[in-house]
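J.:
Residue numbers (the numbering used here): 19 to 673.
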């Protein structure tokens, strides 16, 4: 069914268009004929009052904005706003209201939603269907439901065996940070509350300075995405990766997401979520999927500085995680003996946003997260993600700094109280499991040993020790004892869109093995923990590899290593690039110093100040630059940066 906005008149339509997204009730003028029927059915008094209000309103106007209707209902009947919004949905479920597709000049209008009343005949039929569905246990899988699922799968050219991809799930949940920005978790309500719009402002922080502000808004027709829905999103992403990995390995797909519609069974979602199957659990999962389908995110720049961490997600306006959704109930509905339709969606064909798919396909490695943490509690999940991002091994961290990175909206004391309660419940450390002089750790968050304290100023702190091996094993990644600190909580991405030939894959794997050997057996130990470079001791030569090592230098290194170990030069070239990926460039926040800008400064020091420094010397002199100097360098003010370098040389000589 459709509804044309222009039927409401030009002035009304223009007024609505000026308002952004909106919801209306549109009336045909015949609603009065259904009043007695609606009031006679077994629905609660609040639903009857709201239906009565809308039917009476239809006698005086042809349409009313939902916000105006809610205001009047709250005023007249003292029914809370959230209850009123839920009541609209209940009236839809009861078959009294329906939501037609909204058109403007014959074209779909994405910014508008509409409710209309069914006719008397349609209401009677709808109520009959509801009674039949309830009497037949809406969540019980019948033979008819199984036939519906099988028929839906076959219509897509698949089999039941094809969609069972649980064997291809990893020991940890695969994840990439920018897929689900922490701001989304901060924005999301903890449970369904009837809110269809939320908006929050956030700070853009560079170093310790707030340099800008931006806002994120989430809008939906019924309910914006909740934090449990985000956990369900994690399950959906991992199930879609597993399904595509299976199709690739079987040869059914030549490339990942060849068919962007991914079939996912409701029971598989419940399995990954780690919750007990029940009627209520199924309803919640269906609600989560609907929230993800309907919620639209928009990023609003308030000061002209965009957040680099979210540029991919916010690169498009009106971002939605799920852009297409079909179920077995739509594709192959169950018809009962009396001709009625029974709706019991158990199989979802989900189409993710292209941005999400492209990001998944482009990452050679994905981070892994413990199932227990992700599916346990959204707050603990967010807390754990921040600890992973901070990448600290042993430190006392101000809780307010963690709260800022979590985008936590309440007080630090509130966060402390909630974290403590939830850690006490599920993450209590074994007695005396680890001590480091001054501290006994109270909690073990899958390899992160934690205790809460206060510093001399009375600020709450988190004392942290990360058992690197334990953290990686808990995450589901593989730990190689030979690599020690080079292990990472990552796994190869099963849906990485690689165009390599078999020979290229073999060459790359050989180069990776050689890189591991060089870093273990031929590394200058003094550079093992250096962020910006590694020094290889090959024969009587020292080979420094940094982000600023030129291709010419790498070619020379390739010849030396090739001759020393009798390895093909092209393999060594790839090996050195692997090592180059380990080190980081200089920078502060988003002000990263490129190869070109680094060597321009080197040349400026020679040309203007007659000072020749090798790459490692210049790195060591500038690696502790703060925001101001890195920004000057980034903006190519080489003289100002050169003066700072000279002053540091003078200080070092004096010392």
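We put the beta carbon where it would ideally sit given N, CA and C, even for glycine.
1) If you measure between the beta carbons of residue 379 and residue 281, is that distance less than 7 Å?
2) Rounding to the nearest angstrom, what Cα-Cα distance links residue 469 and residue 444 in this structure?
3) In three-state terms, what does DSSP make of residue 83?
4) Classify residue 620: buried if its beta carbon has 16 or more other beta carbons within 10 angstroms, exposed otherwise.
5) State the CB to CB distance for the pair residue 634 and residue 604, rounded to an integer number of angstroms; the pair is presumed to be in contact (CB under 8 Å).
6) Among 651, 230, 602 and 262, which one has its Cα closest to the Cα of residue 609?
7) If you follow the beta strand (DSSP E) that residue 624 is part of, which residue opens it and which one closes it?
8) With distances taken between CB atoms, is the gap from residue 118 to residue 134 smaller than 7 Å?
9) With burial defined as no fewer than 16 other Cβ atoms inside 10 Å of the residue's Cβ, what is the status of residue 655: buried or exposed?
10) Please report how far the alpha carbon of residue 113 lies from the alpha carbon of residue 140, in whole angstroms.
11) Residue 549 to residue 463, Cα distance in whole Å?
12) Between which residues of its own chain and residue 198 is the CB-CB distance below 8 Å, once the five residues before and five after are set aside?
13) Exposed or buried, which one is residue 363 when buried takes at least 16 other CB atoms within 10 Å?
14) Tell me the DSSP secondary structure of residue 472 in three-state form.
15) The alpha helix (DSSP H) spanning residue 577 covers which residue range?
16) Along the chain, where does the alpha helix (DSSP H) containing residue 257 start, and where does it finish?
17) In or out: residue 269 buried (at least 16 other Cβ within 10 Å) or exposed?
18) Run through DSSP, which three-state label would residue 481 get?
19) For residue 665, tell me which candidate among 627, 649, 632 and 295 has the shortest Cα-Cα distance.
20) Alpha carbon to alpha carbon, how far is residue 318 from residue 232? Give it in angstroms, no decimals.
21) Going by DSSP, which residues form a beta bridge with residue 283?
22) Quick one: what does DSSP say residue 382 is sitting in, helix, strand or coil?
23) Less than 8 Å between C-beta atoms, sequence neighbours within five positions excluded: which residues of the same chain meet that for residue 377?
24) What residues match up with residue 319 in a beta bridge as DSSP calls it?
25) Does the Cβ of residue 546 have 16 or more other Cβ atoms within 10 Å, making it buried, or fewer, making it exposed?
26) Going by DSSP in three states, residue 547 sits in which element: helix, strand or coil?
27) Looking at C-alpha atoms only, which residue of 27, 397 and 110 is the closest neighbour of residue 202?
28) Three Cβ pairs or more, each shorter than 8 Å: is that satisfied between the region 344 to 351 and the region 254 to 269?
29) To the nearest angstrom, how far is it from the Cα of residue 78 to the Cα of residue 23?
30) Is residue 424 closer than 7 Å to residue 291 when the C-beta atoms are compared?
31) Does DSSP put residue 208 in a helix, a strand or coil?
32) Can you name the start and end residues of the alpha helix (DSSP H) that residue 416 belongs to?
33) Taking the runs of the beta strand (DSSP E) that are 3 residues or longer, which of them lie wholly in the region 95 to 127?
34) For the region 235 to 245 against the region 301 to 316, are there 3 or more C-beta pairs whose distance is under 8 Å?
35) Can you check whether the CB of residue 45 is closer than 7 Å to the CB of residue 76?
36) Is it buried or exposed, residue 19, if we count other Cβ atoms within 10 angstroms and call 16 or more buried?
T.: The structure says:
1) no
2) 15 Å
3) strand
4) buried
5) Between residue 604 and residue 634 the Cβ distance is about 12 Å, and since that is not below 8 Å, they are no contact.
6) 651
7) Premise fails: residue 624 lies in the alpha helix (DSSP H), 613 to 627, not in any beta strand (DSSP E).
8) yes
9) exposed
10) 8 Å
11) 27 Å
12) 248, 251 and 252
13) buried
14) strand
15) 569 to 583
16) 245 to 267
17) exposed
18) strand
19) 627
20) 6 Å
21) 365
22) coil
23) 194, 196, 197 and 330
24) 232
25) exposed
26) coil
27) 397
28) no
29) 18 Å
30) no
31) coil
32) Counting along the chain, residue 416 falls outside any alpha helix (DSSP H), though it belongs to the beta strand (DSSP E) covering 412 to 416.
33) 119 to 122
34) yes
35) yes
36) exposed
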